[in-house]
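*Asks:* Below are the structure tokens for one structure; questions will follow.
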Amino acid sequence: MIADLKPYAEYKESGLPWIGQVPGHWDVRRMKSSVMNVIEQTLEMSSDEVYIALEHVESWTGKARPQLGSNLFTGQVKRFRQGDVLFGKLRPYLAKVTRISNDGVCAGEFFVLRPADKAVSSAYLEYQLRAKHTIDVINGSTFGAKMPRADWQFCGNLPIPLPPPTEQAAIVRFLDWANGRLEQAIRAKRKVIALLNEQKQAIIHRAVTCGLEPSVPLKPSGIPWLGDIPQHWEVMPLKGVCAIQSGITLGKDYTGQALREYPYLRVANVQAGHVNLSVVKTIRVTKAEADRCTL
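If you read the sequence shown in numbering that gives the first Met the number 0, its first letter stands for residue 0, the second for the next number, and so on.
Shown next as structure tokens:
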């Protein structure tokens, strides 16, 4: 898709290390010069308005699930208008950026961003803010270890490239088209993956219930959900063929005992069909406790 696009006749340095060169006729402005951070707080919403919290926005795609009902929130929320861009300032690395086609209210963890003039369109602004380079720069500025938040003073001073309005519209049309094509391809791949997973499960089921010989004589297993099994197989309780034990309980009192630090496998590490070791926590326990639970 990108390879078919023609280069511009002239480029210039943007002055931004994370962007590099931009077309010569583009402008580069601080965001706050053309975008307002709207803070219109309220305690209520009307029946024709929608409510959006961070959990209602999908990361990186801009897809949102606006909710109806004032009982969905307590306390102050922010009001937004149709076409405003919502940027999730809590954990900005999640890239929760969306443009809503309704009036409504949103959680306070969003910046409500509205073009201040015709120099930027809200559709272009949405794509610009969700671009990986923008997310990375904003995420690098956050404060707070456990709950990192973006700060408007930094974001407002962040320079963004601004093509002429007609070119912004062309860029948005192209990205909408490209995203549509990619979404279609992703859906097709997911269907293929789902069919392959079904085939894999069928192969596994056949192998562990009937073996590898297709013509082997069978007998009833006596277990309704298992059905017939090869005549020479046995059926035993799980506890008869393996040891079953619990893991380590967090919060256990080890007062007065020597402790060591060990990697700790959590439920979050065990995913469907695989173990995810990208983030492994540690725990301090006695050696005897660790030996009992070591894999």
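Heads up, the beta-carbon is just placed ideally off N, CA and C, and yes, glycines get one too.
1. Work out the CA separation of GLY87 and ARG29 for me, nearest whole Å.
2. Looking only at its chain, what residues have a beta carbon closer than 7 Å to the beta carbon of GLY107, apart from the 5 residues adjacent to it on each side?
3. Between the beta-carbon of CYS105 and the beta-carbon of ILE51, is there less than 8 Å?
4. Taking contact to mean 3 or more Cβ pairs, one atom from each stretch, closer than 8 Å, check whether the segment 155-168 and the segment 201-214 are in contact.
5. Start and end of the beta strand (DSSP E) containing CYS241?
6. Whole angstroms are fine: how far does the CA of ALA94 sit from the CA of GLU54?
7. Once the 5 residues before and after THR141 are set aside, which same chain residues still bring their CB inside 7 Å of it?
8. Since LYS131 is in the alpha helix (DSSP H), which residue starts that stretch and which ends it?
9. Assuming LYS31 contacts ASN138 (C-beta within less than 8 Å), just tell me the rounded distance between them.
10. Just to confirm, is the Cβ distance from VAL284 to ILE243 under 8 Å?
11. How long is the line joining the alpha carbons of ARG181 and LYS188, rounded to whole angstroms?
12. In the structure shown, what three-state DSSP assignment does MET44 receive?
13. Applying the 10 Å Cβ sphere with the 16-neighbour rule, what's the burial state of ALA8?
14. Determine, using beta carbons only, whether PRO65 and VAL49 come nearer to each other than 8 Å.
15. For PRO262, write down the residues that DSSP places opposite it in a beta bridge.
16. Which whole runs of the beta strand (DSSP E) in the segment 127-209 are 3 residues long or more, in chain order?
17. Give the DSSP bridge partners of LYS31, in chain order.
18. Residues in the same chain with beta-carbon distance under 8 Å from SER33, minus the five sequence neighbours each way, listed in chain order, please.
19. Determine the contact status of VAL56 and THR97, defining contact as a CB-CB distance below 8 Å.
20. Assuming TYR261 contacts ALA287 under a Cβ cut-off of 8 Å, what Cβ separation, rounded to an integer in Å, is found between them?
21. Across which residues does DSSP place PRO219 in a beta bridge pair?
22. Given TRP17, which residues of its chain have a CB within under 6 Å of its CB, disregarding the five upstream and five downstream residues?
23. Could you check if VAL269 is buried or exposed, using at least 16 other CB atoms within 10 Å of its CB as the buried criterion?
24. Go through its chain and collect everything with a Cβ distance to LEU42's Cβ below 8 Å, but skip five positions before and after it.
25. Under 8 Å between the Cβ atoms of GLN230 and LEU217?
26. Do you know offhand how far ALA63's Cα is from ASN36's?
27. Between ASP252, MET44, SER245, ALA184, which lies nearest to CYS292 when the distance is taken from Cα to Cα?
28. Going along the chain, which unbroken runs of the alpha helix (DSSP H) with 4 or more residues stay wholly within the segment 70-118?
29. Would you decide whether VAL191 is buried or exposed? Buried here means 16 or more other CB atoms lie within 10 Å of its CB.
30. Measuring only the C-alpha atoms, how far is GLN200 from GLY272?
31. Return the first residue and the last residue of the beta strand (DSSP E) that GLU12 is part of.
*Replies:* For this structure:
1. 19 Å
2. Within the same chain, GLY107 has close Cβ partners GLN75, VAL76, LYS77.
3. Contact flag set, yes.
4. no
5. From DSSP, CYS241 is part of no beta strand (DSSP E); its letter is neither H nor E.
6. 12 Å
7. Excluding residues within five positions, the ones whose Cβ falls inside 7 Å are PRO91, PRO147, ARG148, ALA149.
8. 131-138
9. That belief does not hold up - the Cβ atoms of LYS31 and ASN138 are roughly 19 Å apart, past 8 Å.
10. no
11. Position check: residue 181 holds Leu in this sequence, whereas Arg was assumed. If I take the Cα positions, the gap works out to 10 Å.
12. coil
13. exposed
14. yes
15. THR281
16. 158-161
17. The partner list for LYS31 (beta bridge, DSSP) is empty, contrary to what the question assumes.
18. PRO114, ALA115, ASP116, ALA118, VAL119, LEU161
19. yes
20. Not really, about 12 Å apart at Cβ, beyond 8 Å.
21. ASP227
22. HIS132, VAL136
23. That one is exposed.
24. GLY74, GLN75, VAL76
25. yes
26. Rounded to whole angstroms, the gap between the alpha carbons of ALA63 and ASN36 is 20 Å.
27. The residue among ASP252, MET44, SER245, ALA184 with its C-alpha nearest the C-alpha of CYS292 is SER245.
28. Whole alpha helix (DSSP H) segments, 4+ residues: zero.
29. exposed
30. 11 Å
31. Bounds of the beta strand (DSSP E) holding GLU12 are 10-12.
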